[in-house]
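Trainee: Once you've had a glance at the structure underneath, I'll fire off some questions.
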Amino acid sequence: MRSIIFLFAAWLCASGVQAAGGVTAGGVVLLQPEHVIGARVSVEKLAPYLKQVDAAASGILNAAKAVPATGGFLVVAIRPGQQSKFWLDFNPPLPPALASGLIAAAQGVKPPAVNGGTVVLAMKYGVAGGKVPAGPMPSPAEWTTVAKAAGKPLEIGDLVDRIWK
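Here it is, written out as structure tokens:
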């Protein structure tokens, strides 16, 4: 099986350019160990899905008017039953209508089947001249609240499962 890291590195090189509308795709961040993701979903199913999510997200971001310069993450979680959920972590935050549209567009892409637990990744973007985040880890507000309430460190899949009821 091809390495997930290799595949996403190739995608990063191919998509790390700024589109005409001012959106820079900065690649994919694995939020779980490669062996965990690889055991739950094949690269052959995950890669096309992420490309479709990227196309949907980029379409919404490119069409947006009067967006402040920002950069951040679109966090993607997929769990068994072909269910997906998305969170945003942009600084400064996207305008509420744009954030809702972005989540809805991403949610409209049918996720691949996963087995054995939730898969969590993030996609980096720079918008309207904003920089792609240099940091490796998103921290959506909802995640921070749940993590603090847990009172102990949580594996990212467990954290997402606590939020996703």
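If you're matching positions, the sequence shown starts at 609 in the working numbering and goes up one per residue. Each residue gets a CB set at the ideal place from its N, CA and C atoms; glycine is no exception. None of the values given here were measured: they were computed from a predicted structure.
(1) Leaving out the 5 sequence neighbours to the left and right, which residues in its chain are closer than 7 Å to V637 when beta-carbon positions are compared?
(2) Could you check how far apart the C-beta atoms of V717 and A664 are, in whole angstroms? I think they sit under 8 Å.
(3) Spell out a yes or no on whether the stretch 643 to 652 and the stretch 719 to 727 are touching, meaning 3 or more CB-CB pairs, one atom from each, closer than 8 Å.
(4) Taking buried to mean at least 16 other C-beta atoms within 10 Å of its own C-beta, is D766 buried or exposed?
(5) Jot down the residue ranges of each uninterrupted alpha helix (DSSP H) in the stretch 640 to 706, minimum 4 residues, whole runs only, in chain order.
(6) Going by Cα to Cα distance, which pick from G679, D769 and V684 is closest to A712?
(7) Could you compute how far the alpha carbon of A655 sits from the alpha carbon of A671?
(8) At which residues does the alpha helix (DSSP H) containing A757 begin and terminate?
(9) Quick check on DSSP: helix, strand or coil for A730?
(10) At what residues does the alpha helix (DSSP H) containing V740 begin and finish?
(11) Here's a check: name, in chain order, each residue in its chain whose Cβ is nearer than 6 Å to the Cβ of L669, leaving out the five neighbours to either side.
(12) Using the three-state DSSP reduction, which class does L762 fall into: helix, strand or coil?
(13) Do A714 and F694 come within 7 Å of each other at the CB atom, strictly closer than that value?
(14) For the beta strand (DSSP E) containing A633, list its first residue and its last residue.
(15) Does DSSP put A721 in a helix, a strand or coil?
(16) Taking the C-alpha atoms as reference points, what is the distance between T753 and P719?
(17) Should A633 go down as buried or exposed, given a rule of 16 or more other Cβ atoms within 10 Å for buried?
Mentor: The short version:
(1) As a working note, residue 637 is residue 29 in the sequence shown. If we look at V637 and ignore the five residues flanking it on each side, its Cβ neighbours are L729, A730, K732 and P744.
(2) By one-based count along the sequence shown, residue 717 stands at place 109. By one-based count along the sequence shown, residue 664 stands at place 56. The pair is a contact, with the Cβ atoms about 6 Å apart (cut-off 8 Å).
(3) Yes: the two stretches touch, three or more of their Cβ pairs being nearer than 8 Å.
(4) Stepping through the sequence shown from its first residue, residue 766 is reached at position 158. Classification for D766: exposed.
(5) 642 to 648 and 651 to 671
(6) Start at 1 with the first residue of the sequence shown, and residue 712 comes out as number 104. The shortest C-alpha separation from A712 is found at V684.
(7) Within the sequence shown, residue 655 is the residue found at index 47, counting from 1. Within the sequence shown, residue 671 is the residue found at index 63, counting from 1. Near 24 Å, if we compare the C-alpha coordinates of A671 and A655.
(8) Working through the sequence shown from its first residue, we reach residue 757 at position 149. Here the alpha helix (DSSP H) through A757 covers A749 to A758.
(9) Residue 730 sits at position 122 when you count from the first residue of the sequence shown. If DSSP states are grouped into helix, strand and coil, A730 belongs with the strands.
(10) Residue numbering aside, residue 740 sits at position 132 when the sequence shown is read from its first letter. V740 -> no alpha helix (DSSP H), and no H or E assigned at all.
(11) By 1-based counting over the sequence shown, the position of residue 669 is 61. Within the same chain, L669 has close Cβ partners V631 and V735.
(12) Here residue 762 corresponds to residue number 154 of the sequence shown, with the count starting at 1. The answer is coil: DSSP assigns L762 none of H, G, I, E or B.
(13) As a working mapping, residue 694 is identified with position 86 in the sequence shown. As a working mapping, residue 714 is identified with position 106 in the sequence shown. It is a contact, given that the beta carbons lie within the stated cut-off.
(14) Within the sequence shown, numbered from 1, the residue matching residue 633 stands at position 25. Per DSSP, A633 belongs to the beta strand (DSSP E) from V631 to L638.
(15) As a position in the sequence shown, residue 721 is number 113, starting the count at 1. Annotated three-state conformation of A721 is coil, per DSSP.
(16) One-based indexing of the sequence shown puts residue 753 at position 145. One-based indexing of the sequence shown puts residue 719 at position 111. Near 27 Å, if we compare the C-alpha coordinates of P719 and T753.
(17) Position 25 of the sequence shown, counted from the start, is the residue given in the question as residue 633. Looking at its Cβ environment, which holds 16 or more other Cβ atoms inside 10 Å, A633 is buried.
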